[in-house]
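A.B. asks: So that you can map any letter, position 134 of the sequence shown is 134 in UniProt numbering, and since no number is skipped, the others follow by simple counting. Sharing a structure below in structure tokens format, with a few things to ask.
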Amino acid sequence: MASYVVTGAARGIGLEYVAQLSADANNTVFALVRNKATATRLESLPGNLPGNNITILEADVTDPKALENAAKAVSGVTGGKLDYLINNAALVKIGGPGLTQFTNPDDLEKELLDYFRTNTVGTVHCINAFLPLLQMGSVKKVITITTGGADTEFVLKAKHMGSAGYSISKAAVNMVVAKYAAQFKSEGFVFLALSPGFVDTSTLKAAPETVKGISKTLTQITPAFKGAMTPQQSVKLQLEVIYRWTVEDTGAFVSHHGNKAWL
1 MASYVVTGAA RGIGLEYVAQ LSADANNTVF ALVRNKATAT RLESLPGNLP GNNITILEAD
61 VTDPKALENA AKAVSGVTGG KLDYLINNAA LVKIGGPGLT QFTNPDDLEK ELLDYFRTNT
121 VGTVHCINAF LPLLQMGSVK KVITITTGGA DTEFVLKAKH MGSAGYSISK AAVNMVVAKY
181 AAQFKSEGFV FLALSPGFVD TSTLKAAPET VKGISKTLTQ ITPAFKGAMT PQQSVKLQLE
241 VIYRWTVEDT GAFVSHHGNK AWL
């Protein structure tokens, strides 16, 4: 029996992680959300029925105390252990501005700091909160969802100037993953920065023409690109990578294919 914590579990990729993981009755899945009241899709999953294997916990990743309380709740169920932590919670706005597209410096600074606070610092808080439980677990895998848009070679090839705050914060979190990997490899930990690919989720919140434009650009630089994946397709591929990844390659930054093919 394996135990999982999934952050940002109310919708999109996080919701799909919970759905696929909870389909195995032997798994114990803890779904972290910012607001239980709005996690209606999560509450409707079969594993959330009384006696089944989903526990919904409320915690914002920017709130260390809330994360500490969530970790205590998990510990109470698992006997102080955790096998997998999946850091999926993130601030993301598809088609966001580039570094020269803000009306004033204050707006630019706020954008960068908001992204960094959630996507980078929030991930550190989350890992630190659950680290004692992970150290007692038998698997010791920490997965942080990132983006191919944080890869400098891809950004240059795609001439991807937009979504600056998101890409920069995710490039920083890739280094966070590497720092933890360097520290905890000797304990058998596997830290992984994992890009889900281009996924069509309800959290995109972008105009259809924006998504269409992004898809067109991606097709131009990667002719084999067939369009956005569903969350189901992406998470299935991600889990295959997660389960086969070993401590020898801890700290890596890879795609849902397990390599640098981001699409």
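C-beta atoms are modelled at their ideal positions from N, C-alpha and C, and glycine is treated no differently. Owing to the predicted nature of the structure, the values given are computational and were not obtained by experimental measurement.
Roughly how many angstroms lie between the CA atoms of I168 and A150, to the nearest whole one?
C.D. replies: 7 Å
A.B. asks: Given that a residue counts as buried once 16 or more other Cβ atoms are within 10 Å of its Cβ, and exposed if not, what is M229?
C.D. replies: buried
A.B. asks: If you draw a straight line from the alpha carbon of A207 to that of F184, how long is it in whole angstroms?
C.D. replies: With a pLDDT of 48 at A207, under the threshold of 50, the modelled position of that residue is not reliable, and the figure given next carries that caveat. Approximately 42 Å between the Cα atoms of the pair.
A.B. asks: State the start and end residues of the unbroken alpha helix (DSSP H) segment that holds F130.
C.D. replies: 122-136
A.B. asks: Grab me the residues of G122's own chain with a C-beta within less than 6 Å of its C-beta, minus the 5 sequence neighbours each way, in chain order.
C.D. replies: Closer than 6 Å at Cβ, skipping near neighbours: V61, T62.
A.B. asks: Would S195 and D83 qualify as a contact pair, given that the criterion is a beta-carbon distance under 8 Å?
C.D. replies: S195 is not a Cβ neighbour of D83, given a cutoff of 8 Å.
A.B. asks: Between which two residues does the alpha helix (DSSP H) harbouring A59 extend?
C.D. replies: Element bounds for A59: n/a, residue is neither H nor E.
A.B. asks: Pick helix, strand or coil for F189, following the three-state DSSP scheme.
C.D. replies: coil
A.B. asks: Report the three-state DSSP secondary structure of K260 (helix, strand or coil).
C.D. replies: coil
A.B. asks: Can you give the Cα-Cα distance for L134 and A71, rounded to whole angstroms?
C.D. replies: When only Cα atoms are considered, L134 and A71 end up about 10 Å apart.
A.B. asks: Of all the options T78, Q20, A129, T246, which has the alpha carbon lying nearest to the alpha carbon of Q233?
C.D. replies: Q20
A.B. asks: Do F191 and G251 have their CB atoms nearer than 8 Å?
C.D. replies: yes
A.B. asks: So L15 and L42 are in contact, right, with Cβ under 8 Å, and what is the actual spacing, rounded?
C.D. replies: The Cβ separation is near 6 Å, so the contact holds.
A.B. asks: Exposed or buried, which one is V173 when buried takes at least 16 other CB atoms within 10 Å?
C.D. replies: buried
A.B. asks: Helix, strand or coil for T7, going by three-state DSSP, please let me know.
C.D. replies: Strand, per DSSP.
A.B. asks: Run through the DSSP bridge pairs and tell me what Y84 is partnered with.
C.D. replies: Y4, K141
A.B. asks: For V92, count neighbouring Cβ atoms within 10 angstroms of its own Cβ and tell me buried if that reaches 16, exposed if not.
C.D. replies: buried
A.B. asks: Is DSSP giving T230 helix, strand or coil here?
C.D. replies: coil
A.B. asks: Which residues in the same chain have their Cβ closer than 6 Å to the Cβ of P132, if we skip the five residues on either side of it in sequence?
C.D. replies: none
A.B. asks: How would you label A182, buried or exposed, when you count the other beta carbons within 10 angstroms and need 16 or more for buried?
C.D. replies: exposed
A.B. asks: What are the partner residues of V199, as DSSP defines its beta bridges?
C.D. replies: M229
A.B. asks: Looking at the structure shown, is A31 part of a helix, part of a strand, or coil, going by DSSP?
C.D. replies: strand
A.B. asks: Over what stretch of residues does the alpha helix (DSSP H) that includes F184 continue unbroken?
C.D. replies: 164-184
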